[in-house]
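> Sending over a structure as structure tokens; questions will come in a sec.
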Amino acid sequence: MIGPRNAPENNGQQVDTYSRDLSRPDVPDNPVLEAVQKWILHHSLRLVHGPGEVPYGMDEVIVLSVLRDGRAYVKSFVEHYRSLGAKHLVFLDNGSTDGTVEALSEYEDVTVFYTTLPFKRYGLSMRKYLAERFGRGRWTLNVDVDELFVYPYSDVVSIGALLGYLNDNSYNAVVTSVLDMFPQEPLSDVVGDGDEPLKELHRFYDLSDVREEAYESVGDVGNVLTNPDVPILRGGIRRTLFGLNSLLIKHPLIFLDGKLKPMDLSEHWVGDARLADFTGVLLHYKLLNGLYAAVRREVESRNYPNRWRKYDRYLMVLEEASNLAVKAETARELESTNDLVGTRLMVLTEGYMSFVQGEDRRMGNPPERHAERLSNAFFRAAAEVREQSRRVTEIRQQLRDETQVTRRLEKHREQLEGVLASKTWRVLDGLNRTARM
Numbered sequence: 011m012i013g014p015r016n017a018p019e020n021n022g023q024q025v026d027t028y029s030r031d032l033s034r035p036d037v038p039d040n041p042v043l044e045a046v047q048k049w050i051l052h053h054s055l056r057l058v059h060g061p062g063e064v065p066y067g068m069d070e071v072i073v074l075s076v077l078r079d080g081r082a083y084v085k086s087f088v089e090h091y092r093s094l095g096a097k098h099l100v101f102l103d104n105g106s107t108d109g110t111v112e113a114l115s116e117y118e119d120v121t122v123f124y125t126t127l128p129f130k131r132y133g134l135s136m137r138k139y140l141a142e143r144f145g146r147g148r149w150t151l152n153v154d155v156d157e158l159f160v161y162p163y164s165d166v167v168s169i170g171a172l173l174g175y176l177n178d179n180s181y182n183a184v185v186t187s188v189l190d191m192f193p194q195e196p197l198s199d200v201v202g203d204g205d206e207p208l209k210e211l212h213r214f215y216d217l218s219d220v221r222e223e224a225y226e227s228v229g230d231v232g233n234v235l236t237n238p239d240v241p242i243l244r245g246g247i248r249r250t251l252f253g254l255n256s257l258l259i260k261h262p263l264i265f266l267d268g269k270l271k272p273m274d275l276s277e278h279w280v281g282d283a284r285l286a287d288f289t290g291v292l293l294h295y296k297l298l299n300g301l302y303a304a305v306r307r308e309v310e311s312r313n314y315p316n317r318w319r320k321y322d323r324y325l326m327v328l329e330e331a332s333n334l335a336v337k338a339e340t341a342r343e344l345e346s347t348n349d350l351v352g353t354r355l356m357v358l359t360e361g362y363m364s365f366v367q368g369e370d371r372r373m374g375n376p377p378e379r380h381a382e383r384l385s386n387a388f389f390r391a392a393a394e395v396r397e398q399s400r401r402v403t404e405i406r407q408q409l410r411d412e413t414q415v416t417r418r419l420e421k422h423r424e425q426l427e428g429v430l431a432s433k434t435w436r437v438l439d440g441l442n443r444t445a446r447m
């Protein structure tokens, strides 16, 4: 059995799985070519289930997803977003052969489009098409079928109230961290046939290998960051297992107001957005027992030209680890999404907490039962984060100081060696020896 701490080595190298997305987008920066691709995609689509248009208001949201062979996820996905309060779910199926379309067609509040255009060329266009067709002047949640969106204190704040908060503050996008979930048992021991909820099978997560960067580190795409504490996160359990420096951030909840650019450069990103002062989380269920077969298919199809090294790395590790165990001592069990408040995955401001308390009072909950507890928990978590940041800053400064001292000593050593090796030193040393005789 191979676990997180003894997976195959990667020679100390981290495979960056996102920087290439920004420099080499799936859709070329060519308006004419992009328009042609949109036209071809539009005329290739076939509506196989549900309404082709979905009317809804600014305080409602519909879910958009492009998928292929996602049968094992359908039930958990639909039930989660129904419980979240989504108005409707729209899927664009890209040639599934495992019964995905049939499974989705059993739900009344679902629309399914179908196309067999190659994802390698049209994948990003498919996502942008759905967002622009259904999301102009409205909110859409753009997610993969293995992603379940959650947000801070959803037990108090309804999705309608959350969207109202976003509208009132003129936010048009929400930064969302990606959290890989996994089971307690080795992956091969978990039967994921789609009948049992993924949230019950995959209850664990691990933050020990998550790395943090400044949000601006990916480059300037015109986004306005209203909460400076919002970070870029990388790595996580995929870094532990596969040596991948995966980007753990997306912008799935967006409002197309005419300014925001959806899927700008990559499906992970947006441009010219005014970002909310809190972050959500995408619970990511990629690590299923069918991972090997899915990875093998992607390696053979090369559907993601900018990420082939990532899938090659997946395949190499999985072929060497026939019984991959993910859970380690650093793993935690997710009992409530509020457990993530105070971590770097779910960041919020005092303004958002005031909004939560207002919703709590509006719902008539006793203050001692919810609002006071939430407020105290938030301020404790905020204080802990500030203290951790202060300590990290101190340690970094100490390291910089020690590095500078080491460099100065090394420079002095090199200068001394140069003097000792010089002709002048040899002459002076000879004269000194002669004087002593």
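The opening residue of the sequence shown carries number 11 in the numbering used here; numbering runs sequentially from there.
Don't be surprised by glycine CBs; every beta carbon is placed ideally from N, CA and C.
Bear in mind the structure is a predicted one, so any value in this text is a computation, not a measurement.
Can you give me the Cβ contacts of D219 inside the same chain, cut-off strictly under 8 Å, excluding the 5 residues immediately before and after it?
G245, G246, I247, R249 and T250
> Consider the Cβ of F159: report whether some Cβ of chain D lies at a distance smaller than 7 Å.
Absent from the structure is chain D; it holds one protein chain and no more.
> How big is the Cα-Cα spacing for D26 and L189?
Any reading at D26 must be qualified, since the residue scores a pLDDT of 48, below 50, and its modelled position is unreliable; the value itself is stated next. If I take the Cα positions, the gap works out to 17 Å.
> Inspect the CB distances between the segment 113–122 and the segment 39–53 and report whether three or more fall short of 8 Å.
Cβ pair count under 8 Å is below three, so no.
> Mapping the DSSP letters down to three states, classify A183 as helix, strand or coil.
Residue state for A183 is assigned as strand, using DSSP reduced to three classes.
> Closer than 8 Å is the cut-off here; do at least three beta carbon pairs connect the segment 172–192 with the segment 283–302?
As far as the Cβ criterion goes, the segment 172–192 touches the segment 283–302, which means the pair count is three or higher.
> Can you tell me whether N104 is buried or exposed, with buried defined as 16 or more other CB within 10 angstroms of its CB?
buried
> Does the distance from the C-beta atom of N152 to that of P262 stay below 7 Å?
yes
> Is DSSP giving P41 helix, strand or coil here?
helix
> May I ask you to list the residues that DSSP assigns as paired with A72?
Here residue 72 turns out to be Ile, not Ala, going by the sequence shown. DSSP output for I72 lists H98 and T150 as bridge partner(s).
> Can you give the Cα-Cα distance for K337 and M191, rounded to whole angstroms?
10 Å
> Label A224 either buried or exposed according to how many other C-beta atoms from any shown protein chain fall within 10 Å of its C-beta, with 16 as the threshold for buried.
exposed
> Whose C-alpha, out of V64, D69 and E63, is nearest the C-alpha of Y175?
Nearest option by C-alpha distance: D69.
> Under 7 Å between the Cβ atoms of D143 and L266?
The question names Asp, but residue 143 in the sequence shown is Arg. At least 7 Å separates the beta-carbon of R143 from that of L266.
> Could you check which residue in L211, A335 and E427 has the C-alpha nearest to that of L344?
L211
> Apart from the five residues just before and just after S106, which ones in its own chain have a Cβ nearer than 8 Å to its Cβ?
In the same chain as S106, and ignoring 5 residues on each side of it, the C-beta atoms closer than 8 Å to its own belong to L77, R78, D79, G80 and R81, in chain order.
> Residue range of the alpha helix (DSSP H) that E210 falls in?
L208 to L211
> Is S227 closer than 7 Å to I242 when the C-beta atoms are compared?
yes
> Provide the residue span of the alpha helix (DSSP H) that contains E112, from first to last.
Per DSSP, the unbroken alpha helix (DSSP H) holding E112 starts and ends at T110 to L114.
> Taking the alpha-carbon positions, what's the P196 to A335 distance?
About 4 Å.
> Label H90 either buried or exposed according to how many other C-beta atoms from any shown protein chain fall within 10 Å of its C-beta, with 16 as the threshold for buried.
Label assigned to H90: buried.
> Flag this pair as yes or no: are the beta carbons of F214 and A96 separated by less than 7 Å?
no
> To which residues does DSSP link H422 through a beta bridge?
Under the DSSP definition of a beta bridge, H422 lacks any partner.
> Apply the 10 Å Cβ neighbour rule to A113 and answer buried if 16 or more other Cβ atoms are within range, or exposed otherwise.
buried
> Which partner residues of P241 appear in the DSSP bridge assignment?
A224
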